[in-house]
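A quick write-up on the structure given underneath.
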Amino acid sequence: MKHKRRAVTVGDVPGTLRFVGERKQEHIRIQLINYNEDIFEKREIESAGESAPFITSDTVSWINVDGLHDTGPIREIGDLFSIHPLLLEDIVNTEQRPKVEEAESLVMIVLKMLTYDNDMETVESEQVSLIVKDRSLISFQEKEGDVFSGIRERLEKNRGRIRKMGADYLAYSLIDAIVDNYFLILEKLGARIENLEDAVLNDVDRNTAHEIHRLKRELFVLRRSIWPLRDVIGTFLREEIPVFGKQTLLFMKDVQDHILQIIDWVEMYRDLVSGLLDTHLSNMSNRMNSVMKVLTIIATIFIPLTFIAGIYGMNFNHMPELGYRLGYPIVLLAMGAIGAAMVAVFKLKKWL
Amino acid sequence: MKHKRRAVTVGDVPGTLRFVGERKQEHIRIQLINYNEDIFEKREIESAGESAPFITSDTVSWINVDGLHDTGPIREIGDLFSIHPLLLEDIVNTEQRPKVEEAESLVMIVLKMLTYDNDMETVESEQVSLIVKDRSLISFQEKEGDVFSGIRERLEKNRGRIRKMGADYLAYSLIDAIVDNYFLILEKLGARIENLEDAVLNDVDRNTAHEIHRLKRELFVLRRSIWPLRDVIGTFLREEIPVFGKQTLLFMKDVQDHILQIIDWVEMYRDLVSGLLDTHLSNMSNRMNSVMKVLTIIATIFIPLTFIAGIYGMNFNHMPELGYRLGYPIVLLAMGAIGAAMVAVFKLKKWL
Amino acid sequence: MKHKRRAVTVGDVPGTLRFVGERKQEHIRIQLINYNEDIFEKREIESAGESAPFITSDTVSWINVDGLHDTGPIREIGDLFSIHPLLLEDIVNTEQRPKVEEAESLVMIVLKMLTYDNDMETVESEQVSLIVKDRSLISFQEKEGDVFSGIRERLEKNRGRIRKMGADYLAYSLIDAIVDNYFLILEKLGARIENLEDAVLNDVDRNTAHEIHRLKRELFVLRRSIWPLRDVIGTFLREEIPVFGKQTLLFMKDVQDHILQIIDWVEMYRDLVSGLLDTHLSNMSNRMNSVMKVLTIIATIFIPLTFIAGIYGMNFNHMPELGYRLGYPIVLLAMGAIGAAMVAVFKLKKWL
Amino acid sequence: MKHKRRAVTVGDVPGTLRFVGERKQEHIRIQLINYNEDIFEKREIESAGESAPFITSDTVSWINVDGLHDTGPIREIGDLFSIHPLLLEDIVNTEQRPKVEEAESLVMIVLKMLTYDNDMETVESEQVSLIVKDRSLISFQEKEGDVFSGIRERLEKNRGRIRKMGADYLAYSLIDAIVDNYFLILEKLGARIENLEDAVLNDVDRNTAHEIHRLKRELFVLRRSIWPLRDVIGTFLREEIPVFGKQTLLFMKDVQDHILQIIDWVEMYRDLVSGLLDTHLSNMSNRMNSVMKVLTIIATIFIPLTFIAGIYGMNFNHMPELGYRLGYPIVLLAMGAIGAAMVAVFKLKKWL
Amino acid sequence: MKHKRRAVTVGDVPGTLRFVGERKQEHIRIQLINYNEDIFEKREIESAGESAPFITSDTVSWINVDGLHDTGPIREIGDLFSIHPLLLEDIVNTEQRPKVEEAESLVMIVLKMLTYDNDMETVESEQVSLIVKDRSLISFQEKEGDVFSGIRERLEKNRGRIRKMGADYLAYSLIDAIVDNYFLILEKLGARIENLEDAVLNDVDRNTAHEIHRLKRELFVLRRSIWPLRDVIGTFLREEIPVFGKQTLLFMKDVQDHILQIIDWVEMYRDLVSGLLDTHLSNMSNRMNSVMKVLTIIATIFIPLTFIAGIYGMNFNHMPELGYRLGYPIVLLAMGAIGAAMVAVFKLKKWL
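Listed in order, the protein sequences are those of chains A, B, C, D and E. For the first sequence, the working numbering assigns the number -7 to the initial residue and increments by one for each residue that follows. For the second sequence, the working numbering assigns the number -7 to the initial residue and increments by one for each residue that follows. For the third sequence, the working numbering assigns the number -7 to the initial residue and increments by one for each residue that follows. For the fourth sequence, the working numbering assigns the number -7 to the initial residue and increments by one for each residue that follows. For the fifth sequence, the working numbering assigns the number -7 to the initial residue and increments by one for each residue that follows.
See below:
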């Protein structure tokens, strides 16, 4: 969740295409899927130009671009679909907030695809930009690998209504897949929170404060991805985007419901994690208390007794008690009595 | 309050009917109640088809479905009442937030029925979905057992106005019963908070931090059920749902009042519980203070005295005091004086 | 501030008249005051029916009902003034939030009359419901004793404009009296907060955390009474209630100002009380620090010295120092020097 | 910032003129300034009646009243300018929130003039009420002494545009002077916060918690004065007050900017002061830590050594070591070694 | 981030031009850049008058003024462009919040240019005011040195579209440069937060509380600069400022996106920094716990043993054990056993 360097672009001409982000992949890979109710065609293409013949056809074209650091092909696509330079800039700058932009006849949606790195136990974020224009959808991803395999399968096997619908429904399907995937992240974080909860409530001392801090950061990433998305979908639902038909909006409403659910959970998790720190601190304070009690009890019992022993260890010539026959046992008894009295007091104070 | 797995549906075709939740019951049970001012009929039916003859009649039909894991009968009902697949999906996915959806000529209301598990001292949540269409109401529950027995009795014995009104009034009655039941939950939690309060204020050390954490979780469940409900009822009150008549809305207003009362209490309980943690920490700090004082007083009095005894326990050949006749009593007196002075200082410092 | 049992009514037919609350009084007492500019008449009546002749007359009738547990007379009044059963239900359920309801030709206002119990140092809450219809006002209280004596006196002695105005002005006067009385509560709580502040700032150890907790609860009661009231009065000021004339609304604006003042104070008191806990914890930490310092200083000075004394208290046959003529004074001097060095170090560290 | 007694008026007839506040001055003093572009006249007047001839003239009249406890003259002014009794009541009740009231042809603005008492280091609040009617402005203050001397000078010496403008501009000037003066308060508080910050960051132990509490209270006073003022000025800027001309509103906008600046600072100061308490607690915890370390090091080194010395101080007849020639030096060396080992361990643990 | 003295102006005639702020530069420096698509001219001018011939020409004129303390030249420019005195007052008072003002035919935008002082590790704030009127833009800065060098270069070398556009696009470019620069500040603060995070999580004790306090202050500065800016740009986007053309607004939208991103980061950083303090306090508490444990273990083991040694160091004549042959070894063994038992108990309690 490092704040990637945007600073390099300070002073750039606005609309300059400069990749801002972590370079995640060597080569750009472009995949073209072309379909309608009857046709399905999938192929890797070398340059955006190859897709040109399909754009005007009556099929739906989905052009998926993996890798954003090489701005050449992206500019080429931009020219082909006449995408405004500022939008292209947003696509290659992977530090965007989720947003929707409408310009002329096309719509751009920017969102964050999250994946969970099981080894590092961190949430990884990748920016996905969707451009919908007429019957074409272009998706830009930072690197290969996504959560869209289910959709490709549905397209290929013609399951559900997807092959009967337009590019707007495809866009909805991609957004839905990304949002659905957030539930997976939630589940992973939920499991970690539960583990932490067990540890804290049973007062097992793991690196609690550290783990709480890390969970907070992960929840931040999720939160930053999901909150602006609510407004994005809200824009669609207010029917401000004519490209999206009524029928697709019905499904969009479903996505909005999921987003609200996720927000609910994220906020609840944040509260829970904060509360766990309090509980943890209370536990530590508790433990300190019991340590102190032990020290105090031991010290309070033996310090006075040691003092008495010290007195009769003094070497004065004239200490009459030392000559008494019963001096020693009497002192021992007195010590025992004092010790017992102390213990009784502690019992009374409920320290024992 | 575990976050149930929604992840299984990632990549599903939207509108796919797949049960998401905890399987709470083996068989689906369907009950049909059919009534108007003169007629009352109650029977168990095997399949939704059996209810078909009643739907178009001039009686009000209440079809109650217990158990959601077997999607077959639910799809059948969906077909019978022409319910949109996305709505059916919401019904079987028991992770919904409370919401109201209007589609064509029907209204769907999703809410959470809460029950209090006295043994585990936890709040259990069950999703109830209501579909109102013309003179029919279909209610879907996760498992048998609900808070509607009072309503069934009123229907059977024709008490109150319920037999004279339509399906909208029945829907109101069910919602009212669910919301009323929240007061029972509130009362249980209130009693636990009061107990905790007593324990904390009287500084009895139970597992306070633990209990506070648990209460917070229970309040979360309640909160997540009630907050979205306010908007749901608000939608009705703004008269956006034509199925609900003016007369029923008057009663709905009453439900809204109850919801606001519950929200008030939940928020207050949350504040109280948070405050209790502070008080508890303050208590613990207090107790630590008093433990430390005891230790300090004992140590501070006896450590110097023991040192003096140590001096006269040294074995130097030439220690003139040792030969003095009054050496011993003088030292004892000096020790007494030092001890008394210490005590006086502590009294002055208000430590005793 | 116990959450009174509403649960008993779960499953009741809506509009059922069942008293919910603490039974505060044995018998219902009804008082009728009848007045216009020239006439003033006050009498106790047995049943609501007795008031019937006055309702249609051109005088203003104020019917005050003390005691709500016996629902018979209340139903009678409800019939007489044709009050909707749901409104009557609100009147006898004393767990309402402050609210205003308009129905047909009458207005119901529910508010909380607070009184301060000086012995228990708690805020007591009593529900007052006002029904205004034409030239009649019916007020329902839980028990005898209220804050309206000033108004009765003004009516009787014809002071101010009250005898010249209608039932709406009388309603305003009652609301004003209740709100004005909140200032008395504020003052009591303010005095307690000031005492607590003195105690905390001067670090006198009273039962601070306990008292803070109690003050928070009292402020909660006040807050729950006053916040919804702001919306209630706002409803009037937006001129949505035709029964209330322009002239009376001018006075209502004044009440709204008072409410805003009270809210300001309540919020400030809440902040202050929270801040006091922080200060208290800081004080306790401070005190602990100083206790620890004393212990550390005493122990750090004497433990090494005692060790030296211990060395020369050993009984080895061959300990040359023991035979030195100046051994004893040298050791004493060395001890003195070590002690002085310790003290110097502490001075340097600013511990003394 | 004591909550002054409003309680005395409970039960009063609304519109009763009763002074509520601290009596700050013995006699009421009325000053009349009369001016237009050519004329300037200033005089003390005995009764409001004396100002009557000026009111209808084409000059602007500024009547300033110092002292509010004697309600006679205030009622006289009220009659002269036909001010509604409720407005007069607001003027003499000095517990108002800042507000603006429009009634018939006049406007009343109530605000708080703050002064900083350098000796007590507290913020003093005085209520100022302005009545603007036609070409007259009447200002009511609790006592003599204000922040308007600059305005009087500008009027007298005819500097700026003030003599060319009407009573609305004069009102603006007075408000501006009061708001500008808040910056002085901010500066004083800012200086105190900076001092406190220095003390806390350098860990100088002044009465930090106490001072933080006091600063919070002062910021409360400022906040309570400035927040409602924003709405007051907002009312003007929405052009809801016809008495105020467009040209004056341009200047009002400037006042609004100042208010927003002050609010920004107040909120920041509040955050800073809260943060300081955290830092202070962290410091105290730090210091405790270092005190504890010293104690632990000393005790941990010497307690075992003293034990060894104690062993060889026992008086058993048969303790072979005591007879060894090298017993004593060996034990001394062993003790030295143990002590050195302890120190080494502490070094390793980074405690030294 | 010191609150600069505004107090000097209390009582000034509104519209008085008095420099309020820190004097950052001796002489005022005025630079004139004059350009259109074909022409580019840059020169230093002595007085504003020199720029007069260019204003009406068909080129775009950018007049940049460095230094605000000498109000003479600023008044001169004000006269030349007929800027309202209140706007001029805002320019020289460097304590403004970011804002936009439209007056007659010109627009004034006030913003904060932030720079990061690497030595002091603080964020420095400088006020920049932009006046756009027809084809002229006047920018006022507190001192020389800015973030506009990239823009000057683009103008000179005719890169991008800037030479083809009007003064509104130039204004956009300047705002964009200032906002872009905030990312640099973010990065610096982000790096410091990361360092602090490392230190805290690895429990390295740097001056953590101090550094947290400083970071909070820096974030405050950033926050105060960026929050109001959102509203400023929002004003443009709502197309309320006719001077700004549609084409420029498209770019403005981009700036708004950046602002939202920055706000997101600032809020996240604030949360993170607050969380770090909690973690730090938890660490300190942890460390204290372990220190206390060591002390307790050592003391608890040796205090009883020392007591036993003390007993046999007493000088009673009749202590039979002293005469036993095996007395000494038995006591030693007993001591060893007690010590071992203690260690075992601690192991059981998981303290070792």
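Note that the Cβ used here is the ideal one computed from N, Cα and C, for glycine as well. Just so we're clear, the structure is a prediction, and the values are computed from it rather than from any experiment.
query: For a quick check, are the C-beta atoms of L353(A) and L241(A) less than 8 Å apart?; result: No answer is possible for residue 353(A): it lies beyond the span of chain A, which begins at -7 and ends at 344.
query: Can you name the residues of chain E whose CB is closer than 7 Å to the CB of Y304(A)?; result: M306, N307 and F308
query: If the cut-off is 8 Å on Cβ atoms, which residues from the segment 269 to 298 of chain B count as contacting chain C, listed in chain order?; result: D270, T271, L273, S274, N275, S277, N278, M280, N281, M284, K285, L287, T288, A291, T292, I295, P296 and T298
query: Do L78(C) and F11(C) come within 8 Å of each other at the CB atom, strictly closer than that value?; result: no
query: Report the three-state DSSP secondary structure of N26(B) (helix, strand or coil).; result: strand
query: Secondary structure at K341(E), three-state DSSP: helix, strand or coil?; result: coil
query: Which residues share a DSSP beta bridge with S53(B)?; result: N26(B) and S128(B)
query: If the cut-off is 8 Å on Cβ atoms, which residues from the segment 3 to 25 of chain E count as contacting chain A, listed in chain order?; result: none
query: When you compare only the Cα positions, how much space is there between P360(B) and L106(D)?; result: Given a span of -7 to 344 for chain B in the structure shown, any question on residue 360(B) remains unanswerable.
query: Could you list which residues in chain C have their beta carbon closer than 9 Å to that of H205(D), in chain order?; result: E189, V192, L193, L264, G267, L268, D270 and T271
query: According to DSSP, simplified to helix, strand and coil, what is F212(C)?; result: helix
query: Assuming contact is defined by CB atoms lying nearer than 8 Å, are S217(A) and S117(A) in contact in what I supplied?; result: yes
query: Counting only Cβ pairs nearer than 9 Å, list the residues of chain B close to F212(C).; result: M260, D263 and L264
query: Could you list which residues in chain D have their beta carbon closer than 8 Å to that of M311(C), in chain order?; result: Y320
query: Would you call A329(D) buried or exposed, if buried means 16 or more other Cβ atoms sit within 10 Å of its Cβ?; result: exposed
query: Any C-beta of chain E within less than 9 Å: which residues of the segment 141 to 170 of chain D qualify?; result: S141, G142, I143, E145, R146, R151, G152, R153, I154, Y164, S165, D168 and A169
query: Measuring only between beta-carbons, confirm whether H202(C) sits less than 8 Å from chain B.; result: yes
query: Output the residue ranges of the alpha helix (DSSP H) runs that lie fully inside the segment 144 to 200 of chain A and measure 4 residues or longer, sorted by chain position.; result: 159 to 193
query: Given this structure, state the Cα-to-Cα distance separating R144(E) from F73(A), to the nearest angstrom.; result: 33 Å
query: Contact defined as beta carbons within less than 8 Å: I believe V139(B) pairs with L214(B). What is the distance between those atoms, to the nearest angstrom?; result: Not confirmed; about 15 Å, so no contact.
query: DSSP on V335(D), reduced to helix/strand/coil?; result: helix
query: Once the 5 residues before and after R(-3)(E) are set aside, which same chain residues still bring their CB inside 8 Å of it?; result: Only weak support exists for where R(-3)(E) lies, its pLDDT of 42 falling under 50; the value from the coordinates is given anyway. Closer than 8 Å at Cβ, skipping near neighbours: V12.
query: In chain D, which residues lie with their C-beta within 9 Å of the C-beta of Q253(C)?; result: R(-2), E87, Q88 and R89
query: In this structure, does DSSP put V323(C) in helix, strand or coil?; result: helix
query: Alpha helix (DSSP H) containing L273(B): first to last residue?; result: K238 to I303
query: Taking 8 Å as the cut-off, decide whether the C-beta atoms of A159(D) and S128(D) are in contact.; result: yes
query: I want to know whether the segment 280 to 292 of chain C touches the segment 282 to 296 of chain B - three or more CB-CB distances under 8 Å.; result: yes
query: Quick one: list the residues of chain B neighbouring L242(A), beta-carbon separation under 7 Å, in chain order.; result: L78
query: Classify P6(C) as buried or exposed, calling it buried when 16 or more other Cβ atoms lie within 10 Å of its own Cβ.; result: buried
query: Using a Cβ cut-off of 8 Å (strictly closer), state whether D62(E) contacts chain F.; result: Here the protein chains are A, B, C, D and E, and chain F is not one of them.
query: Which residues in chain D sit within 7 Å of D256(C), going by Cβ to Cβ distance?; result: R89 and R216
query: Under the assumption that V102(A) contacts D82(A) (Cβ atoms under 8 Å), give the Cβ distance between them as a whole number of angstroms.; result: 6 Å
query: Determine whether the Cβ of D138(A) lies closer than 8 Å to any Cβ atom of chain B.; result: no
query: Please name the residue, chosen from P45(B), S39(B) and I300(B), that lies closest to N56(B) on a Cα-to-Cα basis.; result: S39(B)
query: Compare the C-beta of A301(B) with all C-beta atoms of chain A and state if any pair is closer than 8 Å.; result: yes
query: Let me know if R155(D) comes out buried or exposed under the rule of 16 or more other beta-carbons within 10 Å of its beta-carbon.; result: buried
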